[in-house]
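**Q** My structure is below; once you've seen it, I'll send some questions.
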């Protein structure tokens with residue numbers, strides 16, 4: 001018998017981009033730092049040259065919208081209090097200055113003579129949107145598919161009881177998309193204890209925690225002994241959960257098969273973008289149909305959602321892959337896209353099936369695997 005307990009939850013970060021390290025990219029501005037400032041033409045912004053020689057340009061509208069004073073921002077929560085409707089249409093700087101004693105940029109405004117904005121220099125450096133800083137953060141966000149023999153792992157008690165263990169676990173899931181938690185107690189709430197260290201647990205149509213056990217008439221193909229192809233879970237939700245955890249409660253040695261499989265589909269898609277650019281763009285553009293329609297259950301379900309298989313952000317970076325063949329419904333798109341879609345679909349499916357990045361292992365009793373549901377596909381053999 002193979003008995004798994006499972007749960008899912010949302011991350012507070014955007015899909016596919018978890019636990020951004022952007023705030024760690026820069027050390028605080030050195031107290032001996034000498035910076036040069038220059039007010040841009042017509043008071044439309046300020047340019048700061050840092051000690052490194054790099055320059056950051058901050059537009060007046062950006063500075064005014066991000067004013068850090070107590071009238072415009074709630075310091076303890078970081079929430080904006082600024083009433084945009086009361087700002088002048090033409091936002092321009094009247095005067096800028098840097099305080100060498102407190103290391104802040106002071107800004108006074110035209111048409112707002114009584115208002116002064118103050119920005120800590122380290123805050124400005126951290127939030128600089130210069131081309132080199134945007135590119136630097138983009139490089140830092142790039143993920144690496146795990147290709148070793150031993151899946152990254154952390155002991156359960158280190159996660160639950162120490163900050164260092166928790167940090168190591170979060171970094172593993174963020175960087176590789178997958179991590180195994182070892183020595184997990186065989187108690188029903190163990191999976192909740194470790195999951196809540198990462199974020200709030202999401203209640204789904206299967207409950208908050210659900211048990212994966214083979215049943216005669218399963219409400220989900222996972223609740224059977226059948227081969228389970230690579231897929232993501234809850235693709236038919238408007239916002240599928242970001243992280244999923246599977247806790248192996250029991251795995252009898254006489255059980256044949258039951259091998260877990262995982263695949264970093266972000267890496268597959270990046271390679272597919274290079275080898276099949278036209279098909280890649282089709283899967284970015286044409287929406288597939290994902291559905292869960294099941295009335296013969298305690299709580300009948302009718303869920304249907306359309307989205308492309310590959311989602312990109314404004315920088316054309318992959319932020320989510322939606323791939324769940326067992327839960328795909330009839331395609332409902334413009335007739336001119338049908339053939340192109342199925343051609344791209346077959347080729348991408350082939351890339352997934354033949355990927356050398358496939359991870360295969362048996363999850364042993366007392367082990368738990370956490371993985372990024374919108375980056376790492378999972379299945380069973």
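In the UniProt record's numbering, the protein residues as written are 1 to 381. Cβ atoms here follow ideal geometry from the backbone N, Cα and C, with glycine treated the same way. Model, not experiment: these values are computed from the prediction.
Can you find the residues in the same chain that come closer than 6 Å, C-beta to C-beta, to residue 109, ignoring five residues on each side of it along the sequence?
**A** Translated into the one-based positions of the chain shown, residue 109 becomes position 109. For residue 109, where only same-chain residues beyond five positions count, the Cβ hits under 6 Å are 94 and 115.
**Q** Given residue 235, which residues of its chain have a CB within under 7 Å of its CB, disregarding the five upstream and five downstream residues?
**A** Position 235 of the chain shown, counting from 1, holds the residue named residue 235. Correct list, in chain order: 290, 322, 324 and 327.
**Q** To which residues of the same chain is residue 88 closer than 6 Å at the C-beta, ignoring the five residues directly before and after it?
**A** If you number the chain shown from 1, residue 88 lands on position 88. So the list reads 111, once near-sequence residues are dropped.
**Q** By the three-class DSSP mapping on this structure, what secondary structure does residue 264 have?
**A** Counting from one through the chain shown, the residue named residue 264 turns up at place 264. If DSSP states are grouped into helix, strand and coil, residue 264 belongs with the strands.
**Q** For the alpha helix (DSSP H) containing residue 62, name the first residue and the last one.
**A** The count along the chain shown starts at 1 and reaches residue 62 at position 62. Start and end: 60 to 65.
**Q** Roughly how many whole angstroms lie between the Cα atoms of residue 23 and residue 334?
**A** Start at 1 with the first residue of the chain shown, and residue 23 comes out as number 23. Start at 1 with the first residue of the chain shown, and residue 334 comes out as number 334. Caution is warranted here: a pLDDT of 34 is assigned to residue 23, below 50, making its placement in the model unreliable, and the coordinate value is therefore given only provisionally. Using only the alpha carbons, I get a separation of about 43 Å.
**Q** Can you confirm whether the region 179 to 192 touches the region 359 to 368 when touching is taken to mean that 3 or more C-beta pairs between the two stretches lie within less than 8 Å?
**A** Yes: at least three Cβ pairs fall under 8 Å.
**Q** On a CA-only basis, which of 147, 72, 350 and 48 is nearest residue 272? Give me that one, please.
**A** Taking the chain shown and counting its residues from 1, one reaches residue 272 at position 272. When only C-alpha atoms are compared, the closest one is 350.
**Q** Please state if the CB of residue 130 and the CB of residue 91 are separated by a distance shorter than 8 Å.
**A** Taking the chain shown and counting its residues from 1, the one referred to as residue 91 is at position 91. Taking the chain shown and counting its residues from 1, the one referred to as residue 130 is at position 130. No, they are not a contact pair.
**Q** Output the distance between the C-alpha atoms of residue 246 and residue 187, rounded to the nearest integer angstrom.
**A** Residue 246 sits at position 246 when you count from the first residue of the chain shown. Residue 187 sits at position 187 when you count from the first residue of the chain shown. Distance between the alpha carbons of residue 246 and residue 187: 13 Å.
**Q** Quick one: Cα of residue 318 to Cα of residue 65, how far?
**A** Mapped onto the chain shown, residue 318 falls at position 318. Mapped onto the chain shown, residue 65 falls at position 65. About 29 Å.
**Q** Can you grab the Cα-Cα spacing for the pair residue 285 / residue 359, in whole Å?
**A** Translated into positions along the chain shown, residue 285 becomes position 285. Translated into positions along the chain shown, residue 359 becomes position 359. Distance between the alpha carbons of residue 285 and residue 359 is about 29 Å.
**Q** Would residue 361 pass as a contact of residue 159 if the rule is Cβ separation under 8 Å?
**A** In the chain shown, the residue the question calls residue 361 occupies position 361. In the chain shown, the residue the question calls residue 159 occupies position 159. It is not a contact, given that the beta carbons lie outside the stated cut-off.
**Q** Can you pull the DSSP bridge partners for residue 303?
**A** Working through the chain shown from its first residue, we reach residue 303 at position 303. Bridge partners of residue 303: 292.
**Q** So the alpha helix (DSSP H) residue 284 belongs to, where does it begin and stop?
**A** Walking along the chain shown from the start, residue 284 turns up at place 284. First-last of the alpha helix (DSSP H) with residue 284: 277 to 285.
**Q** So for residue 94, helix, strand or coil by DSSP?
**A** As a working note, residue 94 is residue 94 in the chain shown. Note: residue 94 maps to strand in three-state DSSP.
**Q** What are the uninterrupted segments assigned as alpha helix (DSSP H) that are 4 or more residues long and contained completely in the region 130 to 165, given in chain order?
**A** Entirely contained in the region 130 to 165, the alpha helix (DSSP H) runs reaching 4 residues are, in chain order, 131 to 141 and 156 to 161.
**Q** Taking only runs of the beta strand (DSSP E) that begin and end inside the region 317 to 375, which ones reach a length of at least 3 residues, in chain order?
**A** List check, beta strand (DSSP E) in window: 318 to 321, 359 to 361 and 368 to 372.
**Q** Can you check which of these residues, 315, 184 and 275, is closest to residue 348 by C-alpha distance?
**A** Your numbering for residue 348 matches position 348 in the chain shown. The shortest Cα separation from residue 348 among 315, 184 and 275 belongs to 275.
**Q** Locate the beta strand (DSSP E) running through residue 382, then write down its first and last residues.
**A** For residue 382 there is no data in the structure shown, the boundaries of the chain being 1 and 381.
**Q** From residue 105 to residue 163, what distance separates their C-alpha atoms?
**A** Here residue 105 refers to the residue found at position 105 of the chain shown. Here residue 163 refers to the residue found at position 163 of the chain shown. Roughly 35 Å separates the two Cα atoms.
**Q** Give me, in chain order, the residues of the same chain whose beta-carbon lies closer than 6 Å to that of residue 155; leave out the 5 immediate sequence neighbours on both sides.
**A** Counted from its first residue, the chain shown places residue 155 at position 155. Within the same chain, residue 155 has close Cβ partners 182 and 183.
**Q** Three-state secondary structure (DSSP) at residue 192?
**A** Taking the chain shown and counting its residues from 1, one reaches residue 192 at position 192. Residue 192 falls in the helix class under three-state DSSP.
**Q** Hey, would you say residue 375 sits closer than 8 Å to residue 266, going by beta carbons?
**A** Taking the chain shown and counting its residues from 1, one reaches residue 375 at position 375. Taking the chain shown and counting its residues from 1, one reaches residue 266 at position 266. The answer is yes: Cβ separation under 8 Å.
**Q** For residue 97, which option in 45, 261, 77 and 76 has the closest C-alpha, if you only look at C-alpha atoms?
**A** Start at 1 with the first residue of the chain shown, and residue 97 comes out as number 97. Of the listed residues, the one whose Cα sits closest to residue 97 is 45.
**Q** Which of helix, strand or coil does DSSP assign to residue 180?
**A** The sequence position of residue 180 within the chain shown is 180, counting from 1. Strand, per DSSP.
**Q** Rounded to whole angstroms, what is the Cα-Cα separation between residue 58 and residue 49?
**A** Here residue 58 refers to the residue found at position 58 of the chain shown. Here residue 49 refers to the residue found at position 49 of the chain shown. Residue 58 and residue 49: Cα-Cα distance of roughly 11 Å.
**Q** Terminal residues of the continuous beta strand (DSSP E) containing residue 197?
**A** For the purposes of this step, residue 197 is identified with residue 197 of the chain shown, where counting begins at 1. Residue 197 -> no beta strand (DSSP E), and no H or E assigned at all.
**Q** Grab me the residues of residue 343's own chain with a C-beta within less than 8 Å of its C-beta, minus the 5 sequence neighbours each way, in chain order.
**A** For the purposes of this step, residue 343 is identified with residue 343 of the chain shown, where counting begins at 1. So the list reads 279 and 282, once near-sequence residues are dropped.
**Q** Helix, strand or coil: how does DSSP classify residue 209 here?
**A** For this step, residue 209 is matched to residue 209 along the chain shown. The answer is coil: DSSP assigns residue 209 none of H, G, I, E or B.
**Q** Any idea if residue 231 is buried or exposed, counting beta-carbon neighbours within 10 angstroms, 16 or more meaning buried?
**A** Along the chain shown, read from residue 1 onward, the residue named residue 231 stands at position 231. So residue 231 counts as buried.
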